[in-house]
Amino acid sequence: QEQPPEAGPCFQENQPAEAEQYARESLQMGRFLDKTIASWPILIASRAKQNKPLLDISLYRAFRKTATGSVFERSLFLIIAELRRRSDDAWKDIAAKAFDSNGLADPVIRFEIGKILIAEARLTSNHAEAFRLGGQLFSDKFLSRKESVAITKAVVEAGLLTGKLGNRVDQM
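The following block contains the structure:
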(Lines of atoms letter the chains of each structure in order from A and count residues from 1; the text may use other names and numbers.)
(Lines give C-alpha, C1' and ligand atoms only; values in the text may rest on other atoms or scores of the structure.)
Protein backbone atom coordinates (compact mmCIF):
# COMPACT_ATOMS: atom_id res chain seq x y z
CA GLN A 1 0.00 0.00 0.00
CA GLU A 2 1.14 3.48 -0.83
CA GLN A 3 1.50 5.93 2.05
CA PRO A 4 -0.16 9.33 1.87
CA PRO A 5 2.53 11.57 0.34
CA GLU A 6 2.82 14.10 3.14
CA ALA A 7 1.76 12.08 6.18
CA GLY A 8 4.66 9.60 6.18
CA PRO A 9 7.48 12.16 6.10
CA CYS A 10 5.75 14.34 8.70
CA PHE A 11 5.41 11.35 11.00
CA GLN A 12 9.05 10.35 10.45
CA GLU A 13 10.16 13.93 11.17
CA ASN A 14 8.28 13.85 14.47
CA GLN A 15 5.50 16.17 13.35
CA PRO A 16 2.52 14.14 14.55
CA ALA A 17 -0.09 16.91 14.28
CA GLU A 18 0.74 17.50 10.64
CA ALA A 19 0.94 13.77 9.92
CA GLU A 20 -2.50 13.31 11.49
CA GLN A 21 -3.93 16.14 9.42
CA TYR A 22 -2.52 14.75 6.16
CA ALA A 23 -3.64 11.20 6.95
CA ARG A 24 -7.13 12.44 7.83
CA GLU A 25 -7.31 14.48 4.61
CA SER A 26 -6.09 11.51 2.62
CA LEU A 27 -8.88 9.34 4.00
CA GLN A 28 -11.59 11.95 3.55
CA MET A 29 -10.56 13.30 0.16
CA GLY A 30 -9.81 9.78 -1.08
CA ARG A 31 -13.31 8.74 0.04
CA PHE A 32 -11.89 5.72 1.89
CA LEU A 33 -10.95 4.01 -1.37
CA ASP A 34 -8.09 1.54 -1.89
CA LYS A 35 -5.39 4.19 -2.08
CA THR A 36 -6.25 5.42 1.43
CA ILE A 37 -5.83 2.14 3.34
CA ALA A 38 -2.23 2.94 4.35
CA SER A 39 -3.38 6.17 5.99
CA TRP A 40 -5.01 4.40 8.94
CA PRO A 41 -1.81 3.27 10.72
CA ILE A 42 -0.27 6.72 10.24
CA LEU A 43 -3.39 8.42 11.58
CA ILE A 44 -3.52 6.17 14.65
CA ALA A 45 0.23 6.43 15.33
CA SER A 46 0.12 10.22 14.97
CA ARG A 47 -2.76 10.46 17.43
CA ALA A 48 -0.86 8.20 19.84
CA LYS A 49 2.17 10.52 19.74
CA GLN A 50 -0.12 13.41 20.66
CA ASN A 51 -1.75 11.46 23.52
CA LYS A 52 -5.13 11.70 21.82
CA PRO A 53 -7.70 8.92 21.71
CA LEU A 54 -6.28 6.64 19.03
CA LEU A 55 -9.43 6.31 16.98
CA ASP A 56 -11.00 9.46 15.60
CA ILE A 57 -14.64 8.51 16.14
CA SER A 58 -16.16 10.92 13.61
CA LEU A 59 -13.74 9.75 10.92
CA TYR A 60 -14.36 6.12 11.81
CA ARG A 61 -18.13 6.63 11.53
CA ALA A 62 -17.70 8.24 8.10
CA PHE A 63 -15.50 5.30 7.09
CA ARG A 64 -18.16 2.80 8.24
CA LYS A 65 -20.81 4.60 6.16
CA THR A 66 -18.68 5.08 3.05
CA ALA A 67 -16.16 2.26 2.60
CA THR A 68 -17.29 -0.96 0.97
CA GLY A 69 -16.09 -4.40 -0.01
CA SER A 70 -12.51 -5.50 0.33
CA VAL A 71 -11.29 -1.96 0.97
CA PHE A 72 -13.56 -1.76 4.00
CA GLU A 73 -12.44 -5.17 5.27
CA ARG A 74 -8.71 -4.59 4.74
CA SER A 75 -8.95 -1.16 6.38
CA LEU A 76 -10.95 -2.57 9.26
CA PHE A 77 -8.35 -5.27 9.83
CA LEU A 78 -5.57 -2.65 9.85
CA ILE A 79 -7.51 -0.51 12.33
CA ILE A 80 -8.08 -3.49 14.63
CA ALA A 81 -4.45 -4.59 14.44
CA GLU A 82 -3.08 -1.09 15.03
CA LEU A 83 -5.37 -0.40 17.99
CA ARG A 84 -4.51 -3.78 19.51
CA ARG A 85 -0.80 -3.21 19.00
CA ARG A 86 -1.13 0.04 20.93
CA SER A 87 -3.25 -1.54 23.71
CA ASP A 88 -6.39 0.46 22.93
CA ASP A 89 -9.34 -1.65 24.08
CA ALA A 90 -11.55 -0.21 21.33
CA TRP A 91 -10.17 -2.92 19.04
CA LYS A 92 -12.08 -5.59 20.97
CA ASP A 93 -15.50 -4.10 20.30
CA ILE A 94 -14.72 -3.36 16.66
CA ALA A 95 -13.35 -6.87 16.07
CA ALA A 96 -16.20 -8.62 17.90
CA LYS A 97 -18.86 -6.69 15.98
CA ALA A 98 -17.15 -7.37 12.66
CA PHE A 99 -16.70 -11.07 13.41
CA ASP A 100 -20.14 -11.72 14.91
CA SER A 101 -22.04 -9.84 12.22
CA ASN A 102 -20.95 -12.37 9.58
CA GLY A 103 -20.66 -9.35 7.31
CA LEU A 104 -17.08 -10.07 6.32
CA ALA A 105 -16.95 -11.48 2.80
CA ASP A 106 -13.20 -12.17 2.79
CA PRO A 107 -12.67 -15.49 4.60
CA VAL A 108 -8.99 -14.70 5.26
CA ILE A 109 -9.80 -11.43 7.03
CA ARG A 110 -12.63 -13.06 8.98
CA PHE A 111 -10.30 -15.87 10.03
CA GLU A 112 -7.52 -13.46 11.05
CA ILE A 113 -9.92 -11.37 13.13
CA GLY A 114 -11.24 -14.58 14.69
CA LYS A 115 -7.71 -15.71 15.57
CA ILE A 116 -7.02 -12.36 17.25
CA LEU A 117 -10.24 -12.66 19.26
CA ILE A 118 -9.42 -16.25 20.28
CA ALA A 119 -5.92 -15.20 21.35
CA GLU A 120 -7.42 -12.44 23.49
CA ALA A 121 -9.98 -14.81 25.01
CA ARG A 122 -7.21 -17.25 25.87
CA LEU A 123 -5.04 -14.50 27.38
CA THR A 124 -7.89 -13.34 29.59
CA SER A 125 -8.88 -16.93 30.49
CA ASN A 126 -12.28 -16.45 28.88
CA HIS A 127 -12.39 -20.08 27.81
CA ALA A 128 -16.10 -20.10 27.04
CA GLU A 129 -15.58 -17.28 24.53
CA ALA A 130 -12.55 -19.03 23.00
CA PHE A 131 -14.67 -22.17 22.64
CA ARG A 132 -17.52 -20.22 21.00
CA LEU A 133 -15.21 -18.37 18.60
CA GLY A 134 -13.29 -21.54 17.74
CA GLY A 135 -16.53 -23.33 16.99
CA GLN A 136 -17.57 -20.55 14.62
CA LEU A 137 -14.23 -20.59 12.83
CA PHE A 138 -14.15 -24.37 12.68
CA SER A 139 -17.44 -24.42 10.82
CA ASP A 140 -16.07 -22.08 8.13
CA LYS A 141 -16.04 -23.86 4.77
CA PHE A 142 -12.85 -22.01 3.71
CA LEU A 143 -10.79 -23.32 6.64
CA SER A 144 -7.52 -24.87 5.47
CA ARG A 145 -6.02 -28.00 7.02
CA LYS A 146 -3.30 -26.03 8.78
CA GLU A 147 -5.81 -23.53 10.14
CA SER A 148 -8.14 -26.32 11.25
CA VAL A 149 -5.35 -27.84 13.36
CA ALA A 150 -4.73 -24.51 15.11
CA ILE A 151 -8.44 -23.95 15.72
CA THR A 152 -8.93 -27.53 16.90
CA LYS A 153 -6.20 -27.03 19.51
CA ALA A 154 -7.87 -23.83 20.76
CA VAL A 155 -11.33 -25.42 20.84
CA VAL A 156 -10.12 -28.55 22.66
CA GLU A 157 -8.19 -26.50 25.22
CA ALA A 158 -11.14 -24.19 25.84
CA GLY A 159 -13.56 -27.10 25.87
CA LEU A 160 -11.55 -28.97 28.47
CA LEU A 161 -11.20 -25.86 30.65
CA THR A 162 -14.91 -25.08 30.52
CA GLY A 163 -16.19 -28.64 30.67
CA LYS A 164 -18.02 -28.12 27.37
CA LEU A 165 -15.92 -30.60 25.45
CA GLY A 166 -17.22 -33.54 27.50
CA ASN A 167 -20.79 -32.40 26.91
CA ARG A 168 -20.21 -32.13 23.20
CA VAL A 169 -18.63 -35.60 22.99
CA ASP A 170 -21.56 -37.07 24.97
CA GLN A 171 -24.01 -35.54 22.50
CA MET A 172 -22.35 -37.12 19.46
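Mapped onto the numbering used here, the consecutive letters of the sequence shown carry residue numbers 9 to 180.
Ideal placement from N, C-alpha and C gives every residue a C-beta, glycine not left out.
> Of all the options Asp97, Arg118 and Gln29, which has the alpha carbon lying nearest to the alpha carbon of Leu84?
Replying inline: Arg118
> Going straight from the alpha carbon of Gln36 to that of Glu155, what length do you get?
Replying inline: 37 Å
> Whole-angstrom Cβ separation of Arg94 and Ala56, contact assumed at under 8 Å?
Replying inline: 6 Å
>> Three Cβ pairs or more, each shorter than 8 Å: is that satisfied between the region 162-172 and the region 124-135?
In response: yes
> Taking the alpha carbon of Ala138 as the point to measure from, which residue in Gly167, Arg39 and Ser34 has its own alpha carbon closest?
Replying inline: Gly167
> For Ala136 versus Ile121, is the C-beta distance shorter than 8 Å?
Replying inline: no
> For Pro24, which of helix, strand or coil comes out of DSSP?
Replying inline: helix
> Just checking my contact of Ile50 with Leu63 at CB under 8 Å: how many whole Å lie between their CB atoms?
Replying inline: Between Leu63 and Ile50 the Cβ distance is about 13 Å, and since that is not below 8 Å, they are no contact.
> Should Gly171 go down as buried or exposed, given a rule of 16 or more other Cβ atoms within 10 Å for buried?
Replying inline: exposed
> DSSP three-state call for Lys73: helix, strand or coil?
Replying inline: helix
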